[in-house]
Amino acid sequence: HLGTGIGLLKTEAGDVAIIEELRSLELVRIEDERVYFGHDLAGDIARSRVLIEETDDKQSLLNRVKSPRWHVALRLLGQRLAENTRSEKRAWKKLFDNFADETTEGTLCRNLLIDGIAIAVNSHNLLELLWDDIVAEDGAILKRFLGAFRYIATVPDPRIANIKPNLELRADLEVALRI
Numbered sequence: 001h002l003g004t005g006i007g008l009l010k011t012e013a014g015d016v017a018i019i020e021e022l023r024s025l026e027l028v029r030i031e032d033e034r035v036y037f038g039h040d041l042a043g044d045i046a047r048s049r050v051l052i053e054e055t056d057d058k059q060s061l062l063n064r065v066k067s068p069r070w071h072v073a074l075r076l077l078g079q080r081l082a083e084n085t086r087s088e089k090r091a092w093k094k095l096f097d098n099f100a101d102e103t104t105e106g107t108l109c110r111n112l113l114i115d116g117i118a119i120a121v122n123s124h125n126l127l128e129l130l131w132d133d134i135v136a137e138d139g140a141i142l143k144r145f146l147g148a149f150r151y152i153a154t155v156p157d158p159r160i161a162n163i164k165p166n167l168e169l170r171a172d173l174e175v176a177l178r179i
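In our numbering, the protein residues as written are 1 to 179.
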């Protein structure tokens, strides 16, 4: 219900004061007798809080990642786990390894955890915290990270847009030639 709003009739009496406070802070809005997040970021943060509670429930995470609405939340979860990583705990790596089954959803979860590190404001610090895990196994995670970084932190060379007659060639070049 975090994306489609929650019906006011489904809220409990004690929730009314909380909803009003959230509305006064412009974190939620009420339209057509439904409560919605006021901004996508508020929804992403709320969804990440749900994921924090479900971190140990692999099936729940795999089900949630099927919806793009949960992708930012999984990136945020990855950032949080990385920030809290200590050599004895290694929570980010444990979650990353939990999705080693190579299913589509498992691969997507791994990619989103890596994306979260790549796009974090403090990515340098997170890379330092995770460095031993990133370079382990002949740099398997590092290779994946660099491949992901190439696409999430770059754009196609704008000169490729001038190639009009051959759209297939243009699409191939947009993938290969990035700045």
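Think of the CB as a built atom: it goes at the ideal place given N, C-alpha and C, for glycine as much as any other residue.
Taking the Cβ atoms as the reference, D157 lies roughly 4 Å from L177, within the contact range of under 8 Å. Contact between the stretch 100-114 and the stretch 54-64 is present, with at least three C-beta pairs closer than 8 Å. I134 places its beta carbon less than 8 Å from that of F145. A straight line joining the alpha-carbon of I163 with that of A120 spans about 34 Å. Residues of the same chain with a CB within less than 7 Å of the CB of R110, apart from the 5 flanking positions on each side, are F96, F99 in chain order. For I141, the closest of D115, A46, E33 by C-alpha to C-alpha distance is D115. Here DSSP, grouped into helix, strand and coil, assigns P158 to helix. DSSP places I52 in the helix class (H, G or I) of the three-state scheme.
Distance from the CA of I18 to the CA of D172, rounded to the nearest whole angstrom, comes to 51 Å. Across the structure, F149 and I52 are spaced so that their CA atoms are roughly 25 Å apart. Assigned with DSSP and collapsed to three states, V35 falls in strand. Rounded to the nearest angstrom, the Cβ distance from G7 to R29 is 14 Å, too far for a contact under 8 Å. Every unbroken stretch of the alpha helix (DSSP H) spanning 4 or more residues and falling wholly within the stretch 113-172 is given here in chain order: 123-152. For I179, there is no enclosing alpha helix (DSSP H), as DSSP marks it with neither H nor E. Your pair L41 and A82 does not check out as a contact, with CB atoms roughly 20 Å apart and the cut at 8 Å. In chain order, E31, R34, V35, Y36 place their CB closer than 8 Å to the CB of G5, counting only its own chain and leaving out the 5 sequence neighbours on each side. Contact between L74 and L112 is confirmed by a C-beta separation of about 4 Å, below the 8 Å threshold. Annotation for G78: the continuous alpha helix (DSSP H) segment containing it runs 71-83.
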